[in-house]
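Some notes on the structure that comes next.
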């Protein structure tokens, strides 16, 4: 009897990879950026990361308990949301603000829309945008403290026509949010995700290439200027860790490329022509909202074709 075939609905080919495996791989990939952020900004950065993770995990546990839903904190999704949100925080922010951002990300953006797999935008980025709007002074992306001195970020310097040290941006000896400063640490994590096949290169490559072309055409025709924009702000972090979110990015290969190009164009528009020096968060949020349209337009044609009607 055990050898009888079971008739069931699709999908019939299933993977042994669990949500928990994927989320913990993403968390592992963010460790280099997290370690460097703590090294760069001190124990306050570690406290911020812990607060956002605790805020997200605790919010998910309390909400699901009160609503009588299955407890899903062990799948790692709240952990990843907390880490992404924490790495997007400035290192001098009061701890209660990122904690509030974690609550908003989990309850308002994730749980109220049905939980994991149902949210229409990246919860961590939605939480960050909520904090940017609500606490603009604390979340300002133009000047942060580095070695105890308030210093403008490289993107803010370029916005005002100044020059920056690209090598320092690549290593991470610059002011900024906790997780965005070291490009090399982010690329180590990105390489891990690609090696483990957690993400595809399509979205990050389309994003970075289209952004570089946009900046070259509408900014300055200087390779050093373009490279500085690629290394500055949250572009690398967003391209590999946020834009590739399974739930809020297209599933079709062509759709992923279109999605990446849209991200590059929007980020370029915000950075070059907007009032603020950064634009990754808003570009990803807006593109998340357009994913259903992108998928509808890029669905592959069904195998075979309909016969001609008489």
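Numbering (our numbering), first residue to last: 26 to 335.
Built from N, CA and C at the ideal position, the CB exists for glycine as well.
Could you give the distance in angstroms between the alpha-carbon of residue i and the alpha-carbon of residue j?
i           : j           : result
residue 262 : residue 204 : 8 Å
residue 84  : residue 102 : 12 Å
residue 66  : residue 161 : 21 Å
residue 185 : residue 197 : 21 Å
residue 76  : residue 325 : 43 Å
residue 58  : residue 109 : 10 Å
residue 251 : residue 94  : 48 Å
residue 300 : residue 322 : 32 Å
residue 167 : residue 207 : Here residue 167 scores only 49 on pLDDT, less than 50, and its place in the model should not be relied on; the value that follows carries that caveat. Going from the Cα of residue 167 to the Cα of residue 207 covers about 17 Å.
residue 218 : residue 144 : 22 Å
residue 230 : residue 246 : 21 Å
residue 209 : residue 289 : 21 Å
residue 274 : residue 226 : 13 Å
residue 235 : residue 257 : 16 Å
residue 22  : residue 270 : Since the first residue shown for the chain is 26 and the last is 335, residue 22 is missing from the structure and cannot be characterised.
residue 90  : residue 136 : 12 Å
residue 49  : residue 177 : 34 Å
residue 190 : residue 140 : 43 Å
residue 47  : residue 314 : 23 Å
residue 192 : residue 61  : 16 Å
residue 297 : residue 312 : 18 Å
residue 237 : residue 244 : 10 Å
residue 146 : residue 68  : 31 Å
residue 148 : residue 107 : 9 Å
residue 71  : residue 124 : 13 Å
residue 165 : residue 317 : 32 Å
residue 45  : residue 272 : 15 Å
Taking the alpha-carbon of residue i as reference, which of the options has the nearest alpha-carbon?
i           : options               : result
residue 308 : 272, 232 and 246      : 232
residue 293 : 247, 124 and 241      : 241
residue 188 : 211, 254, 145 and 146 : 254
residue 249 : 183, 235, 212 and 104 : 183
residue 158 : 145, 191 and 122      : 122
residue 310 : 192, 268, 89 and 277  : 268
residue 239 : 286, 315, 306 and 279 : 286
residue 265 : 51, 43 and 45         : 51
residue 104 : 88, 79 and 117        : 79
residue 214 : 44, 43, 45 and 53     : 53
residue 216 : 55, 278 and 124       : 55
residue 97  : 142, 71, 117 and 72   : 142
residue 283 : 71, 306, 228 and 272  : 228
residue 129 : 117, 88 and 165       : 88
residue 81  : 194, 131 and 316      : 131
Could you spell out the range, first to last residue, of the alpha helix (DSSP H) harbouring residue i?
i           : result
residue 194 : 191-196
residue 253 : 248-256
residue 50  : 44-54
residue 138 : Here residue 138 belongs to no alpha helix (DSSP H), and DSSP marks it neither H nor E.
residue 293 : 278-298
residue 108 : 102-112
residue 94  : Looking at the DSSP string, residue 94 is not in any alpha helix (DSSP H), and its letter there is neither H nor E.
residue 305 : 305-323
residue 123 : 121-128
residue 158 : 148-159
residue 183 : 179-184
residue 216 : 208-220
residue 235 : 227-243
If we count the other Cβ atoms within 10 Å of its Cβ and call it buried at 16 or more, is residue i buried or exposed?
i           : result
residue 295 : buried
residue 340 : The chain is shown from 26 up to 335; residue 340 falls before or after that span and cannot be answered.
residue 303 : buried
residue 281 : buried
residue 126 : buried
residue 291 : buried
residue 92  : exposed
residue 259 : buried
residue 119 : exposed
residue 180 : buried
residue 211 : buried
residue 43  : exposed
Review point. When the Cβ atoms of the region 183-203 are set against those of the region 218-227, are three or more pairs found closer than 8 Å?
Key: Using a Cβ-Cβ distance cut-off of 8 Å, the region 183-203 and the region 218-227 are not in contact, since fewer than three pairs of beta carbons, one from each stretch, lie closer than that value.
Review point. Using 8 Å as the Cβ pair cut-off and three pairs as the minimum, do the region 106-119 and the region 151-167 touch?
Key: The region 106-119 is in contact with the region 151-167.
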